[in-house]
Amino acid sequence: MGGVCCRPTPVDFDGEVTLFHFVLLRCVGKGAFGKVRVVQHKQTRELYALKYINKAKCVKMKAVPNVVQERRLLEEIDHPFVVNMRYAFQDDENCFFVLDLMLGGDLRFHLERLGSLDEEVVKFYVAQLSSAVQFLHENNIMHRDLKPDNILLDERGNAHLTDFNIGLKFSERKLMGVAGSMAYMAPEILAKRGYSYQIDWWSLGVCAYELIFGRRPFRGRTNNDLTYSITKDPLKWPEDAESKCSRPGMQVLKGLLDRDPSRRFGCKPHGEGYQELRRHPWFKTIDWDTLESKEQTPPFVPDAKKANFDASHELEELLLEDNPLKAKTRKANQENFSPEMRQMEEQFTCYDFKKMQRRSYFPHNQQQLISTATGTSSGMASSRPSTPANDLRMENGVIINGNSIHDADMEVPRTERMMINEKDYQ
Ligand SMILES: Nc1ncnc2c1ncn2[C@@H]1O[C@H](COP(=O)(O)OP(=O)(O)OP(=O)(O)O)[C@@H](O)[C@H]1O
Numbered sequence: 001m002g003g004v005c006c007r008p009t010p011v012d013f014d015g016e017v018t019l020f021h022f023v024l025l026r027c028v029g030k031g032a033f034g035k036v037r038v039v040q041h042k043q044t045r046e047l048y049a050l051k052y053i054n055k056a057k058c059v060k061m062k063a064v065p066n067v068v069q070e071r072r073l074l075e076e077i078d079h080p081f082v083v084n085m086r087y088a089f090q091d092d093e094n095c096f097f098v099l100d101l102m103l104g105g106d107l108r109f110h111l112e113r114l115g116s117l118d119e120e121v122v123k124f125y126v127a128q129l130s131s132a133v134q135f136l137h138e139n140n141i142m143h144r145d146l147k148p149d150n151i152l153l154d155e156r157g158n159a160h161l162t163d164f165n166i167g168l169k170f171s172e173r174k175l176m177g178v179a180g181s182m183a184y185m186a187p188e189i190l191a192k193r194g195y196s197y198q199i200d201w202w203s204l205g206v207c208a209y210e211l212i213f214g215r216r217p218f219r220g221r222t223n224n225d226l227t228y229s230i231t232k233d234p235l236k237w238p239e240d241a242e243s244k245c246s247r248p249g250m251q252v253l254k255g256l257l258d259r260d261p262s263r264r265f266g267c268k269p270h271g272e273g274y275q276e277l278r279r280h281p282w283f284k285t286i287d288w289d290t291l292e293s294k295e296q297t298p299p300f301v302p303d304a305k306k307a308n309f310d311a312s313h314e315l316e317e318l319l320l321e322d323n324p325l326k327a328k329t330r331k332a333n334q335e336n337f338s339p340e341m342r343q344m345e346e347q348f349t350c351y352d353f354k355k356m357q358r359r360s361y362f363p364h365n366q367q368q369l370i371s372t373a374t375g376t377s378s379g380m381a382s383s384r385p386s387t388p389a390n391d392l393r394m395e396n397g398v399i400i401n402g403n404s405i406h407d408a409d410m411e412v413p414r415t416e417r418m419m420i421n422e423k424d425y426q
């Protein structure tokens, strides 16, 4: 009785990837437009994190270009210390990213629990993240939102950078848009005189300082106070600094938090800054040659028995979600789409790492991309055909999460991203 409605839809693994290819498991997180849950690929049995983004919400928040940008950047990236994208697809309701699964929780979660982290542990993360940042910069990608919330640990304790929502392809030209999470923003972003990739090294310095000392180097109760502190206050050390951090450690923090981007650690061009950083005495305990192959035992192993994420997401999904995620066949009538919905439909294309090679959507020069998008240039050196559907509209200023950041002195609250793509190039 009643068996007819429960016949499972057959899964076509040879066709395009869809939600039918995955078993949906527990919820582990909540983002601005959707949730993150563990999934298992039905054929390979591999576990992944599925991040899904509600399309209607995304259109309403004017974030379509960012989601498309994130998907495109992630297709280019494959690095041991980045949360890599393995599949991407959409259905009528959601866009889906299938990502490397990180079961060790994010660094904000650990910082909130522990108050601060041991210098040796932070050094290990800084080494791994420097390798990721250098890889991104070599590929002309700026992250722009490096903070503990966006650093995820795998179950062995290796650090990975995630959330490329405001990431960007950069060129020689300086950027002007105020973007990122204010407490981690480099002074040159706030000074509005133009900035480039060096900002990621500053943010890494803020993260390292915060992780070691349990408080941020620059603080303010209002955005104005915080701006003043970041751009003018001398770098100060907590009273108990010497009990938490060695002199070489402080030297590296000071070097990363240099207000002059040309002198800042990590920033010298052609990878020279990164090589200098690697040679710094603080890192003499790091074996850089085996770091990227993850052969080293991380100094902090997340407790596998405890959930390293907020269990309320799971409870919320069970008790409060009136539209739980379910694989559905597509029905949408594309004729009735708004321009934004159409953009998402056309540009959030399928990706399957088992079947496709990673490649770039972007020309070497971001400015060319913008020009092409506005129809003033032709002939990009991109490996993708330059159809209107492939052009990213970056000229629109988009602001989401406009929450001001109240940065209470000793607290380490989850940080809201402030602004995205507010006229990146002017
Ligand atoms: N690959 C992953 N593996 C395990 N957990 C993850 C993964 N990605 C995200 N999470 C968890 O889900 C939470 C929300 O992540 P998500 O990137 O969607 O949020 P977000 O930072 O608000 O991003 P966005 O603003 O793009 O929505 C994270 O804080 C993290 O705890």
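Note that our numbering numbers the sequence shown so that position 114 is 114, with each residue one more than the last.
Backbone N, C-alpha and C fix where the C-beta goes; we use that ideal spot for every residue, glycine too.
Every value quoted in this text rests on a predicted model; they were computed, and no experiment measured them.
Cβ pair residue i, residue j closer than 8 Å
i      : j      : result
Cys95  : Met250 : no
Gly271 : Gln134 : yes
Leu161 : Met142 : no
Pro19  : Asp91  : One detail in the question is off: residue 19 reads as Leu in this sequence, not Pro. Yes, the Cβ-Cβ distance between Leu19 and Asp91 is below 8 Å.
Phe124 : Pro298 : yes
Phe89  : Cys350 : yes
Leu235 : Pro217 : yes
Phe97  : Ala132 : no
Asp154 : Gly104 : yes
Arg37  : Leu50  : yes
Ser130 : Gly214 : no
Ile166 : Arg144 : yes
Val59  : Glu340 : yes
Ile199 : Ile189 : yes
Tyr176 : Leu226 : It is worth fixing the name first, because residue 176 is Met in this sequence and not Tyr. Contact: no.
Lys35  : Tyr52  : yes
Glu119 : Cys207 : no
Ile286 : Ala127 : yes
Pro281 : Pro248 : yes
Phe353 : Tyr87  : yes
Phe265 : Gly273 : yes
Val11  : Leu24  : no
Gly102 : Leu146 : The amino acid occupying residue 102 in the given sequence is Met; Gly does not appear at that position. No, Cβ-Cβ distance for Met102 and Leu146 is not below 8 Å.
Cβ-heavy atom distance, residue i to ligand 1, below 7 Å
i      : result
Cys225 : The sequence given here places Asp at residue 225; Cys does not occur at that position. Checking the Cβ of Asp225 against ligand 1 gives no.
Asp78  : no
Asn139 : no
Leu277 : no
Asp149 : yes
Asp12  : no
Met182 : no
Asn94  : no
Val64  : no
Leu152 : yes
Leu101 : yes
Thr162 : yes
Ala32  : yes
Ala304 : no
Ala56  : no
Ala49  : yes
Asp106 : yes
Asn447 : This structure does not reach residue 447, given that the chain is present from 1 up to 426, and the question cannot be answered.
Gly29  : yes
Asp165 : Just to set this straight, residue 165 is Asn in the shown sequence, not Asp. Flag set: Cβ of Asn165 near ligand 1.
Val36  : yes
Val83  : yes
Extent of the continuous beta strand (DSSP E) run through residue i
i      : result
Ala159 : Ala159 to Leu161
Gly29  : Phe22 to Lys30
Lys35  : Gly34 to His41
Ala191 : Premise fails: Ala191 is in no beta strand (DSSP E) and is neither H nor E.
Lys244 : First-last for Lys244: Ala241 to Lys244, but that is the alpha helix (DSSP H), not the beta strand (DSSP E).
Tyr52  : Leu47 to Asn54
Leu152 : Ile151 to Leu153
Asn94  : Asn94 to Leu99
Endpoints, alpha helix (DSSP H) assigned at residue i
i      : result
Phe109 : Leu107 to Leu114
Phe124 : Glu119 to Glu138
Ala208 : Gln198 to Phe213
Ala88  : First-last for Ala88: Met85 to Gln90, but that is the beta strand (DSSP E), not the alpha helix (DSSP H).
Leu74  : Val64 to Glu76
Thr44  : Per DSSP, Thr44 belongs to no alpha helix (DSSP H) and is neither H nor E.
Thr231 : Asn223 to Lys232
> Taking three-plus beta-carbon pairs below 8 Å as touching, is the stretch 52-66 in contact with the stretch 103-116?
Replying inline: no
>> Measuring CB atoms only, is the stretch 199-210 touching the stretch 253-273, in the sense that at least three cross pairs come out at less than 8 Å?
In response: Three or more pairs of CB atoms, one per stretch, sit closer than 8 Å, so the stretch 199-210 contacts the stretch 253-273.
>> Just to confirm the assignment: which complete alpha helix (DSSP H) runs, minimum length 4, are found wholly within the stretch 255-340?
In response: 272-279, 288-291 and 312-319
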